[in-house]
Each structure stands twice: as structure tokens, then as C-alpha cells.
Amino acid sequence: MVHTRYPIPAVRRHRVLSTINKSRFITTLAHAPSVEETKHFIQEMQSDYRDATHNCWAFVAGPPGDTARIGCSDDGEPQNTAGKPMLQTLLYSGVGEIAAVVTRYFGGTKLGTGGLVRAYSGMVKLGLDSLPLAEKIEKIRLRVLAEYGFIDRLKAILPDYETRIMFETYAAEAEFVLELPVENQPGLKQALAEISGGRMLVEPEGRPET
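Last residue of the sequence shown: number 340 in the numbering used here, and the count goes up by one each step with no gaps.
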């Protein structure tokens, strides 16, 4: 599945705390648009909580459920009791470009394998439950050349396709650079062809800088 719009963290850092069987847990969630930025975030948490017993982490640096750029670590907890449950929680959260570090200060009571899995996955879910979200929309730009007689109708249909005029110039014909969600491109092209009888030039201008 190709994701052209999906929820991502709306804040740089989001943190929740809880105590489970005397161990103190701190979950920090972050926007993870790339693997490199995720590594910086993990290093930052490891530095901020260098006195912690464990700093376990997981990330999905892509659309929701996409496994192309993922990673996780148990950071000294028994194998597959921390990083993997955290990663699975992120993958099924419906949120993209997200990283989580769960910091644990051991309180003297062992949780057991099942308890650790529940604790680490539960701490990620706890953070997700209150995480502010924003919508990421993949966009594209189109260059359009139009006869003057079509300008009013062109501008009138743009809101239907969530399209903004980025630049416009007027010479022998009117020229526009339009920005719109990738998923709306086919519909807009069809609409422009219909209102002009196929007499508008519509070509890719490229993707906007992010």
C-alpha cells in the first residue's frame, strides 16, 4: 500500500511516566522522519538517562506499518522482552515516522518475561494514547499553461483538490505553479482537461522542498 497521507507526531518530544512493581518507567516518543534523526534521538535519551537501568528503544521511520526502516533494542533486558514488543506496538499504532525510548529504573522486583513484555508494550501504548498528532500529506507541484478564458474556472475548482497556487505569471498565456496532495493529482488533471477541452498544458513541476 502506498501511503500519501498519514498521522505523525505533532511534537518533537512527548513523555509519560508510570511505576510498575516498584520499577519507574519513562516513555519518550519523538517524530522520526529518518533513521539518522532517530539515532540522534536515541543517543539523546541515552545521555539524558545515563543513570537508568535500561533505555530500550524502537522506531518506524516511515509510513504506518511500513517495515522498510525499522529497528529496536532490548538494551540489556532479556531478549525480545522490550524492543520487539515496543516495535510491534508502534507498527500497529497507525502512526508513522515515530520512535520510542522506554527508560527503566529497576525498583528491586523482577517482572518476569511476560511482565516485561506487558510493561514495555504498555508504556508505548500509554504514550501513544496522549500523543498529539499531525497529518503528513505528500505533495507534488504541477505547471499549468492556460488561455485567459479558462482562468476563472481553473481557480474555481482548485479548492476541490486541496490545491494552492504557488506562483502565477501572465504573458501570452497564464502560467501557474500549483501544489497539491499527490493523491489528488489525477482528479485535478482530469478536471482541467474537461474545462479546457484538453487545451491546457499540465506537466510535473516537481515535489516541494520539505
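C-beta: ideal position from N, C-alpha, C; glycine also.
Predicted model, so just to flag it, every value in this text is computed and none were measured.
query	result
Secondary structure at F306, three-state DSSP: helix, strand or coil?	strand
In chain order, which continuous runs of the beta strand (DSSP E) of length 3 or greater are located wholly inside the segment 165–199?	184–190
According to DSSP, is V231 helix, strand or coil?	strand
So what does DSSP say about L147, is it helix, strand or coil?	strand
For D204, count neighbouring C-beta atoms within 10 Å of its own C-beta (all shown protein chains included) and say buried if the count is 16 or more, exposed if not.	buried
With a threshold of 8 Å (Cβ to nearest heavy atom), would L310 be considered close to the ligand NAP?	For the structure depicted, the ligand NAP is absent and the ligand set is empty, with no information on it obtainable.
When DSSP labels each residue in this structure, what does L217 get in the three-state scheme?	helix
Does K319 come out as helix, strand or coil in the three-state DSSP assignment?	helix
Report the rounded CA-to-CA distance for E166 versus F189, giving the unit in angstroms.	11 Å
Who are the near neighbours of A267 in its chain, counting only those whose CB is closer than 6 Å to its CB and skipping five residues on each side?	The displayed chain sequence assigns Ile, not Ala, to residue 267. For I267, where only same-chain residues beyond five positions count, the Cβ hits under 6 Å are R135 and P311.
Check whether the segment 249–262 and the segment 283–295 are in contact - that is, three or more C-beta pairs closer than 8 Å.	no
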